[in-house]
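S.K.:
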Amino acid sequence: MGITEYIDLLFTDYTLQTVTLGTAVLGALCGMLGSFAVLRKQSLLGDAISHAALPGIAIAFLITETKNSNALLIGALISGLIGAFWIRGIVKNTHLKSDTALGLILSLFFGFGMLLLTFIQKMPNANQAGLNKYLFGQAATLVSSDVWTMCFIAGLSLLVLLVFWKEFKLLLFDADYAKSLGFNIKFLDVLITFFIVLCIVIGLQAVGVVLMSAMLLAPAAAARQWTNSLGVMVLLAAIFGSFSGVLGTAISASSSNLSTGPVIVLIAAVFVLFSFVFSPKRGLLFREIRYWNNRNDLQLHKTLAFMYNIAKTHKNKEHPHTVKILNNFQGFTKKSLQKLEDREYIKVNKSMWSLTEKGFDKASNLYNQLENNE
Amino acid sequence: MSSAQIEIQIIACLVAVACAIPGTFLVLRKMAMISDAISHSILPGIVIGFFLTEDLNSPWLILLAAMTGVITVVLVEFIQKTGLVKEDTAIGLVFPTLFSIGVILIAKNANDVHLDVDVVFLGELAYAPSYRFLINGMDLGPKSLWVIGTILLVTLLLLITFFKELKISTFDKQLAATLGFSPVVVHYGLMSIASVTTVGAFDAVGAILVVALMIAPAAIAYLLTNDLKKMLVIAVFSGIASALTGYWIAHYLDASIAGSIATVLGVLFLLVYLFAPKKGLISVLFRQKRQQMEVYLLTFLLHLQNHTEESERHLNHLSEHINWGKIRSKTVLDLALKNNMIIIENNIISLTEKGQGFTEKAIDYITTNSTVAIEKMKEDFFLFRG
């Protein structure tokens with residue numbers, strides 16, 4: 090299916106519209122709240138919570154005996170919250186570290202959920218495929234009421250973020266200061282955790298338990314590379330998130346046998362990879378280039394300093410010397426001499442070189458700087 | 286008990302032991318989430334291995350999938366070293382990506398491959414005995430029994446041979462490095478064992494139960510002891526106990542064995558978390574409460590020492606001055622009386638000789654050893670603790 094065909098379909102096909110809108114909103118929401126999870130060093134909380142939601146979904150199904158999304162959502166939310174706060178309790182009250190607490194809650198809750206699922210399988214009205222979508226996610230099953238719920242929650246979290254923006258920012262970067270200013274740290278902490286859990290829970294249906302954590306992290310990790318400002322990061326993460334949602338849906342719709350969740354995650358991973366490599370300030374590529382330039386500069390300075398020491402012994406500092414003197418010194422090549430000449434530090438005349446006024450000044454300052462530093 | 290039931294229980298126990306050993310070290314090294322990451326990211330390895338061998342129990346598949354596990358660790362460490370994101374974010378980025386690749390590989394080849402994500406992810410112990418290990422038509426027992434048995438044997442051999450090295454590099458990396466055995470080698474050795482165990486166990490019990498069996502017994506043991514050897518023993522036994530109990534519960538409820546084992550582990554952990562003698566929630570809260578009360582008492586005694594005038598030492602004045610409620614003032618007063626620190630005459634409180642001595646020593650102690658806890662002094666002076 091070509092791009093034009095896809096765009097045509099986007100305007101005519103109701104399901105595709107719903108799913109695209111849903112994943113876009115979900116991506117934006119995840120990016121927004123994921124930024125906080127990443128900055129609070131709670132990246133893996135998403136993974137733990139999404140697994141911990143399973144028993145809640147199963148119990149909600151056992152109680153209501155319907156596959157009503159909202160009932161399952163509430164079940165998932167409750168068990169996700171229990172998981173999240175139990176993790177906090179373990180870390181706070183025992184000497185077990187957060188990684189152990191996360192892994193424990195994740196695997197134990199999920200195992201319990203599996204136990205409950207086998208009961209559901211045996212129930213007469215159970216179509217297990219309906220609950221299976223929570224494991225691996227099926228964006229195609231999103232209906233407009235799900236999308237409305239997502240929009241509502243996205244709007245609500247945006248509102249809360251805006252209202253408590255200053256407080257959240259302070260909590261992220263200097264919790265002790267926030268405490269000393271008299272903010273209710275516990276309340277803020279619970280509030281942001283609640284919204285992260287909520288975001289995870291509503292994403293489960295679309296991308297599934299395993300991939301939800303990547304939905305939360307990847308846009309935020311990508312956005313982090315481009316900026317040092319929280320506001321810009323949250324905005325960028327939301328944009329990255331919704332782009333991965335839309336692109337992922339498009340790709341999986343245009344090819345058979347591709348489930349949406351994994352494709353969205355791979356797209357988000359491409360965003361991350363691209364940001365890691367090409368971000369101008371933190372990116373690996375530019376960092377390598379900077380290192381490389383610095384190394385070259387150091388080499389040149391080394392050569393210049395050596396030349397300076399020779400020229401210094403002569404009365405006329407611009408007196409030409411033969412290139413051969415430099416031979417027993419490793420820091421020079423034809424190329425580096427050329428570079429020094431380009432910067433007008435030296436003049437090269439056949440096999441003779443001489444320092445210029447500018448080069449002499451530069452070299453002596455270089456020397457001074459070194460001395461000052463020592 | 287039929288022979289299949291016995292086989293299932295033996296497999297479950299072997300998996301529990303094989304997981305508990307590397308799990309203990311992962312928990313101690315604060316790398317528990319790595320086991321979760323490995324359990325997910327082996328999927329593409331399993332899929333590719335399955336394309337090549339078409340046999341879920343083939344040793345090549347296990348090695349190939351375990352390689353993916355080690356690659357995960359390498360990738361996580363590479364990303365972490367760039368300093369662009371923190372370690373946990375790196376973990377959270379790598380494994381879903383690899384998992385997605387695995388899912389897509391399966392989906393794209395769905396017609397040729399009889400492999401389902403559910404199978405990898407959830408596993409079903411009940412089917413384990415139906416895949417037999419046959420040599421020349423002779424039945425040597427279930428395949429997974431041999432696979433996990435071999436892995437356990439190798440793990441045990443390595444554990445006994447390199448116990449000292451593992452111990453030192455876990456608790457003191459610098460010392461290990463100065464003594465001449467590379468922490469990196471030990472680290473990757475442990476990671477390889479964890480990967481191989483995860484892969485070997487996944488088709489019997491599922492990836493998630495592997496994580497549960499690695500982390501939960503170790504966490505339970507860590508709440509009960511600080512001794513590495515004891516911790517290993519407790520972890521192994523709680524793993525076995527949960528495996529057996531879980532199996533029988535699943536048997537009576539006719540439910541998923543893996544889920545039931547995880548649930549038993551969860552209940553066991555909850556019990557230990559609440560009631561562990563020193564590190565359990567109840568004893569921690571009790572200790573905190575007691576310490577709080579004793580700090581109140583000390584504050585109160587210091588207040589008495591500071592004020593000689595009677596108006597400051599009147600019973601009713603206390604609640605106003607130190608801002609304590611009635612109940613709290615009463616408990617503190619009772620505690621002080623019981624310990625013979627104060628006497629009350631006509632509603633005026635005064636320090637006894639013992640109280641005076643304690644307060645002076647306490648001030649001395651606090652000003653000179655401001656970072657050291659005052660516990661030892663309390664033991665010398667207190668007849669009753671708060």
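Chains as they are written, first to last, in the numbering used here: chain X, 90 to 463; chain U, 286 to 671. Note that the Cβ used here is the ideal one computed from N, Cα and C, for glycine as well. Source: prediction; values computed, not measured.
DSSP on residue 665 (chain U), reduced to helix/strand/coil?
M.R.: As a working mapping, residue 665 (chain U) is identified with position 380 in the second sequence. Of the three classes helix, strand and coil, the one that applies to residue 665 (chain U) here is helix, per DSSP.
S.K.: Chain X partners of residue 316 (chain U), CB-CB under 8 Å?
M.R.: By one-based count along the second sequence, residue 316 (chain U) stands at place 31. Those are 188, listed as they occur along chain X.
S.K.: Could you pull out every unbroken alpha helix (DSSP H) segment of at least 4 residues lying fully inside the stretch 138 to 192 of chain X, listed in chain order?
M.R.: For the stretch 138 to 192 of chain X, whole alpha helix (DSSP H) runs of length 4 or above, ordered along the chain, are 158 to 182.
S.K.: Could one say the Cβ of residue 513 (chain U) lies closer than 8 Å to chain X's Cβ atoms, at least one of them?
M.R.: One-based indexing of the second sequence puts residue 513 (chain U) at position 228. So no, residue 513 (chain U) is outside the interface.
S.K.: What residue from U:544, U:294, U:501, U:319 has the CA that sits closest to residue 205 (chain X)'s CA?
M.R.: One-based indexing of the first sequence puts residue 205 (chain X) at position 116. Measuring from the Cα of residue 205 (chain X), the nearest candidate turns out to be U:544.
S.K.: For a contact meaning CB atoms closer than 8 Å, what does residue 179 (chain X) contact in chain U?
M.R.: Translated into positions along the first sequence, residue 179 (chain X) becomes position 90. Within 8 Å Cβ-Cβ: 558.
S.K.: What does residue 544 (chain U) reach in chain X if we use C-beta pairs closer than 7 Å?
M.R.: The sequence position of residue 544 (chain U) within the second sequence is 259, counting from 1. Going along chain X in sequence order, the residues near residue 544 (chain U) (Cβ under 7 Å) are 200, 201, 203, 204, 207.
S.K.: Who are the near neighbours of residue 520 (chain U) in its chain, counting only those whose CB is closer than 6 Å to its CB and skipping five residues on each side?
M.R.: The sequence position of residue 520 (chain U) within the second sequence is 235, counting from 1. Here the set comprises 305, 309, 502, 503, 506.
S.K.: So the beta strand (DSSP E) residue 310 (chain U) belongs to, where does it begin and stop?
M.R.: As a first step, residue 310 (chain U) is located in the second sequence; it is residue number 25 there, counting from the start. Where residue 310 (chain U) is concerned, there is no enclosing beta strand (DSSP E), although the alpha helix (DSSP H) it sits in stretches over 288 to 313.
S.K.: Against chain X, does residue 672 (chain U) count as a neighbour if the rule is that its beta carbon must be under 8 Å from one of theirs?
M.R.: Not covered by the structure: residue 672 (chain U). The range shown for chain U is 286 to 671.
S.K.: When the Cβ atoms of the stretch 459 to 479 of chain U are set against those of the stretch 444 to 454 of chain X, are three or more pairs found closer than 8 Å?
M.R.: Taking 8 Å as the limit for Cβ pairs, the verdict is that the stretch 444 to 454 of chain X does not touch the stretch 459 to 479 of chain U.
S.K.: Here's the rule: buried if 16 or more other CB atoms are within 10 angstroms of the residue's CB, otherwise exposed. What is residue 218 (chain X)?
M.R.: The residue given as residue 218 (chain X) occupies position 129 in the first sequence. At residue 218 (chain X), the pLDDT of 49 sits below 50, so the modelled position is not reliable and the matter cannot be decided from this model.
S.K.: So, with DSSP's three-state summary, where would you put residue 370 (chain U)?
M.R.: Numbered from 1 along the second sequence, position 85 holds the residue referred to as residue 370 (chain U). Three-state DSSP puts residue 370 (chain U) in coil, outside helix and strand.
S.K.: Is the stretch 230 to 242 of chain X touching the stretch 266 to 277 of chain X, taking contact as three or more C-beta pairs under 8 Å?
M.R.: Result no; under three Cβ-Cβ pairs closer than 8 Å.
S.K.: Whose CA, out of U:529, U:391, U:644, lies closest to the CA of residue 584 (chain U)?
M.R.: In the second sequence, counting from the first residue as 1, residue 584 (chain U) sits at position 299. Taking only the C-alpha atoms, the option nearest residue 584 (chain U) is U:644.
S.K.: Under a CB-based cut-off of 8 Å, is residue 379 (chain X) close to chain U?
M.R.: Working through the first sequence from its first residue, we reach residue 379 (chain X) at position 290. No, its Cβ sits nowhere closer than 8 Å to a Cβ of chain U.
S.K.: Is it buried or exposed, residue 653 (chain U), if we count other Cβ atoms within 10 angstroms and call 16 or more buried?
M.R.: In the second sequence, counting from the first residue as 1, residue 653 (chain U) sits at position 368. So residue 653 (chain U) counts as exposed.
S.K.: First and last residue of the alpha helix (DSSP H) that includes residue 97 (chain X)?
M.R.: Along the first sequence, one-based indexing puts residue 97 (chain X) at 8. Segment 92 to 101, the alpha helix (DSSP H) holding residue 97 (chain X).
S.K.: Please say whether residue 289 (chain X) and residue 139 (chain X) have beta carbons closer to each other than 8 Å?
M.R.: The sequence position of residue 139 (chain X) within the first sequence is 50, counting from 1. The sequence position of residue 289 (chain X) within the first sequence is 200, counting from 1. Contact: yes.
S.K.: Would you mind listing the alpha helix (DSSP H) stretches within the stretch 618 to 664 of chain U that are 4+ residues and don't spill past its ends, in chain order?
M.R.: Runs found: 638 to 653.
S.K.: Do we get a CB-CB distance below 8 Å when we pair residue 92 (chain X) with the residues of chain U?
M.R.: In the first sequence, the residue the question calls residue 92 (chain X) occupies position 3. For residue 92 (chain X), the answer is no, since every Cβ of chain U falls outside 8 Å of its Cβ.
S.K.: Note down, in chain order, every chain X residue with its Cβ under 9 Å from the Cβ of residue 469 (chain U).
M.R.: Your numbering for residue 469 (chain U) matches position 184 in the second sequence. In chain order: nothing, as chain X lies at least about 20 Å away.
S.K.: Using a beta-carbon distance below 8 Å, is residue 307 (chain X) in contact with chain B?
M.R.: The structure shown contains no chain B; its protein chains are X and U.
S.K.: Taking C-beta pairs closer than 8 Å, name the residues in chain X that residue 325 (chain U) reaches, listed in chain order.
M.R.: Walking along the second sequence from the start, residue 325 (chain U) turns up at place 40. Going along chain X in sequence order, the residues near residue 325 (chain U) (Cβ under 8 Å) are 299.
S.K.: Scan the stretch 405 to 440 of chain X and note each continuous alpha helix (DSSP H) run of 4 residues or more that stays entirely inside, going in chain order.
M.R.: Correct list: 423 to 431.
S.K.: With a threshold of 16 other CB atoms inside 10 Å of the CB of residue 464 (chain X), please say whether the residue is buried or exposed.
M.R.: Residue coverage of chain X in this structure runs from 90 to 463, which leaves residue 464 (chain X) outside it and unanswerable.
S.K.: Tell me residue 599 (chain U)'s beta-bridge partners as DSSP assigns them.
M.R.: Taking the first residue of the second sequence as 1, we reach residue 599 (chain U) at position 314. In the DSSP output, where bridge partners are listed per residue, residue 599 (chain U) has U:633.
S.K.: Tell me the rounded alpha-carbon separation between residue 312 (chain U) and residue 298 (chain X).
M.R.: Walking along the second sequence from the start, residue 312 (chain U) turns up at place 27. Walking along the first sequence from the start, residue 298 (chain X) turns up at place 209. Each residue's Cα considered, the two are about 23 Å apart.
S.K.: Using a beta-carbon distance below 8 Å, is residue 566 (chain U) in contact with chain X?
M.R.: What you label residue 566 (chain U) is simply residue 281 of the second sequence in a count that begins at 1. Yes, residue 566 (chain U) counts as interfacial toward chain X.
S.K.: Examine chain X for any beta-carbon lying closer than 8 Å to the beta-carbon of residue 528 (chain U), and answer yes or no.
M.R.: The residue given as residue 528 (chain U) occupies position 243 in the second sequence. Cβ-Cβ to chain X under 8 Å: no for residue 528 (chain U).
S.K.: State yes or no: is the C-beta of residue 352 (chain X) within less than 8 Å of the C-beta of residue 341 (chain X)?
M.R.: Here residue 352 (chain X) corresponds to residue number 263 of the first sequence, with the count starting at 1. Here residue 341 (chain X) corresponds to residue number 252 of the first sequence, with the count starting at 1. Taking 8 Å as the Cβ cut-off, residue 352 (chain X) and residue 341 (chain X) qualify as a contacting pair.
S.K.: Is it the case that the Cβ atoms of residue 379 (chain U) and residue 326 (chain U) are separated by a distance below 8 Å?
M.R.: By one-based count along the second sequence, residue 379 (chain U) stands at place 94. By one-based count along the second sequence, residue 326 (chain U) stands at place 41. In this structure, residue 326 (chain U) lies closer than 8 Å to residue 379 (chain U) by Cβ.
S.K.: Tell me which residues share the same chain as residue 513 (chain U) and place their Cβ nearer than 7 Å to its Cβ, disregarding the 5 neighbours each side in the sequence.
M.R.: Here residue 513 (chain U) refers to the residue found at position 228 when the second sequence is read from its first residue. Here the set comprises 452.
S.K.: What did DSSP end up calling residue 308 (chain X) once you bin it into helix, strand or coil?
M.R.: Your numbering for residue 308 (chain X) matches position 219 in the first sequence. Reduced to three states, the DSSP call for residue 308 (chain X) is helix.
S.K.: Closer than 7 Å between beta carbons: that is the criterion. Which residues of the stretch 368 to 380 of chain U meet it against chain X?
M.R.: Cβ contacts with chain X come from 369, 370, 371, 373, 374, 376, 377, 378.
S.K.: May I have the straight-line CA-CA distance separating residue 373 (chain X) from residue 314 (chain X), to the nearest angstrom?
M.R.: Here residue 373 (chain X) refers to the residue found at position 284 of the first sequence. Here residue 314 (chain X) refers to the residue found at position 225 of the first sequence. The straight-line gap from Cα to Cα measures roughly 10 Å.
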